[in-house]
């Protein structure tokens, strides 16, 4: 077995997990910056496009809705055309969405352009783990996923820093153009730096054809059978925990700056508090991935990461002193360490390779549901004045702990 693995390495079947993870990270950051270019200039966009607060909220909410509806088709497209090709296509779609937004003459057109960008993000996040699974040694997947997994954290932070500067210097058109150019450069990088494994040999093709012929008689039941294999008890428990993790994460990103500012915290400091866990994840997520690869287990790390999300979210909603700073550190160093592990953990639970594409689409759809709840549900809990901080924080803590229980019940390594 070891000799076979060695031969596969020598033939170049497997790629460096650091290289693959870094290239995919660059692609993810490019699209994440497109997603998060709005929040820091939202008030300016409202003035430019004559939008009220309700309409403006859709500039971000449409992303999560797009992921709910586009995730499963994205998995099927990846299965048909290849994960790498679909990642490049996603970057192209992101550029197209930016061009539509650049030409938008109304708020409705701008929201529509954001929906197109949301589809691009969904395809990218669905296909990234599939590229890792195809290109990286299974024993090193955690390292690659740990690097790739921080794309949202790095992208949101970079956008928060870069967008105001570009907007001040070049205006609305400059922001949309600069970020679209970033997506173009990322597409070129993926094309040049990612080499997918070789195609199957003639003998393997013949074996696959024979297997396909043998199973042709039951093709009508195949799709349902595959879904039954995918929707297992453990996968459903895992996805439930993953959804709760995303509810807490989006609740922090979306509302903590506003909550802190309402309590008299400086806007710059409030933005730093909400993004600091994302910055810390740049170290914690790859570290957790490397530890899981070395130990061959990830459940304990995932449960620990999930366990701190709810309490930390509660403290960020209800405290502005030392407890808030402790929550920032714990969420960044422990909670956000689970970002990449969720990806590698789900890949490990999928029972058969042919289910990987559809399974990843399902995971991204669940992520979209969690993120949508993290904005819409929390907004309702906070009330019209966004001042029911203790209530919202308490519910979020309960949801985070519920997700932890689901992960603890999941049978995974």
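In my numbering, the protein residues as written are 170 to 582. The C-beta atom is built at its ideal place from N, Cα and C for all residues, glycine as well.
**Asked** Using the beta-carbon count (16 or more within 10 Å), is residue 561 buried or exposed?
**Response** buried
**Request:** Just mark residue 183 as buried or exposed, buried being the case when its beta carbon has 16 or more other beta carbons within 10 Å.
**Result:** buried
**Item:** Residue of 498, 420, 197 minimising C-alpha distance to residue 563
**Value:** That would be 420, whose Cα lies nearest to the Cα of residue 563.
**Cut-off 6 Å between Cβ atoms - residues of its own chain near residue 243, not counting five sequence neighbours on either side** = 291, 292, 295, 530
**Prompt:** Just checking my contact of residue 416 with residue 576 at CB under 8 Å: how many whole Å lie between their CB atoms?
**Reply:** Their Cβ separation, rounded to whole angstroms, is 14 Å, which puts residue 416 and residue 576 out of contact at 8 Å.
**Message:** Quick check on DSSP: helix, strand or coil for residue 205?
**Reply:** coil
**Prompt:** Taking three-plus beta-carbon pairs below 8 Å as touching, is the segment 505 to 513 in contact with the segment 465 to 480?
**Reply:** yes
**Buried/exposed call for residue 580, threshold 16 Cβ in 10 Å** = It counts as exposed.
**Request:** Quick one: using the 10 Å Cβ neighbour count with 16 as the cut-off for buried, is residue 573 buried or exposed?
**Result:** buried
**Asked** Does the beta-carbon of residue 330 have 16 or more other beta-carbons within 10 angstroms, so that it is buried, or is it exposed?
**Response** The residue in question, residue 330, is exposed, as its Cβ has fewer than 16 Cβ neighbours within 10 Å.
**Asked** If we cut at 8 Å on Cβ distances, does residue 491 have a partner in chain D?
**Response** The structure shown contains no chain D; it holds only a single protein chain.
**Request:** Reducing DSSP to helix, strand and coil, say where residue 191 ends up.
**Result:** helix
**Asked** Which residues in the same chain have their Cβ closer than 7 Å to the Cβ of residue 303, if we skip the five residues on either side of it in sequence?
**Response** 252, 365, 366
**Asked** For the segment 183 to 201 against the segment 337 to 356, are there 3 or more C-beta pairs whose distance is under 8 Å?
**Response** yes
**Prompt:** Between residue 486 and residue 500, what straight-line distance do the alpha-carbon atoms span, to the nearest angstrom?
**Reply:** 13 Å
**Item:** Cutoff 6 Å; reference residue 362; Cβ partners in own chain excluding five residues on either side
**Value:** 192
**Asked** Would you call the segment 402 to 412 and the segment 510 to 524 touching, i.e. three or more CB-CB distances under 8 Å?
**Response** A contact is defined here as three or more CB-CB pairs under 8 Å, and the segment 402 to 412 meets this definition with respect to the segment 510 to 524.
**Request:** Determine the extent of the alpha helix (DSSP H) in which residue 277 is found, giving its start and end residues.
**Result:** 276 to 304
**Item:** Alpha-carbon spacing of residue 283 relative to residue 221, whole angstroms
**Value:** 17 Å
**Asked** Distance, Cα to Cα, residue 489 vs residue 319?
**Response** One C-alpha to the other measures close to 26 Å.
**Message:** Which residue marks the beginning of the alpha helix (DSSP H) containing residue 249, and which one marks its end?
**Reply:** Run containing residue 249: 222 to 250, per the alpha helix (DSSP H) assignment.
**Of the listed residues 239, 466, 447, 455, nearest to residue 315 (C-alpha basis)** = Closest by C-alpha distance to residue 315, out of 239, 466, 447, 455, is 455.
**Message:** Please tell me whether residue 527 and residue 214 are closer than 8 Å, where the distance is taken between their beta carbons.
**Reply:** If you check the CB distance, residue 527 and residue 214 do not come in under 8 Å.
**Request:** Determine the contact status of residue 289 and residue 269, defining contact as a CB-CB distance below 8 Å.
**Result:** no
**Request:** Just mark residue 431 as buried or exposed, buried being the case when its beta carbon has 16 or more other beta carbons within 10 Å.
**Result:** Within a 10 Å sphere around the beta-carbon of residue 431 sit fewer than 16 other beta-carbons, which makes this residue exposed.
**Item:** Residues near residue 542 in its chain [Cβ-Cβ closer than 6 Å; skip 5 each side]
**Value:** Closer than 6 Å at Cβ, skipping near neighbours: 416.
**Message:** Using 8 Å as the threshold, is the C-beta distance between residue 285 and residue 266 below it?
**Reply:** In terms of Cβ geometry, residue 285 and residue 266 form a close pair [threshold 8 Å].
**Prompt:** Taking the alpha-carbon positions, what's the residue 511 to residue 219 distance?
**Reply:** 40 Å
**Request:** Would you kindly work out how many angstroms separate the C-alpha atoms of residue 200 and residue 229, rounded to a whole number?
**Result:** 14 Å
**6 Å CB neighbourhood of residue 566 in its chain, flanking five on each side removed** = 479, 480, 483
**Prompt:** Curious, which full-length beta strand (DSSP E) runs of at least 3 residues does the segment 456 to 520 contain?
**Reply:** none
**Message:** When you compare the CB positions of residue 348 and residue 203, do they come within less than 8 Å of one another, or not?
**Reply:** Contact flag set, yes.
**Pair within 8 Å by beta-carbon distance, residue 236 and residue 287** = yes
**Message:** Among 532, 258, 207, 306, whose alpha-carbon lies nearest the alpha-carbon of residue 335?
**Reply:** Looking at the Cα atoms, 207 is the closest of the given residues.
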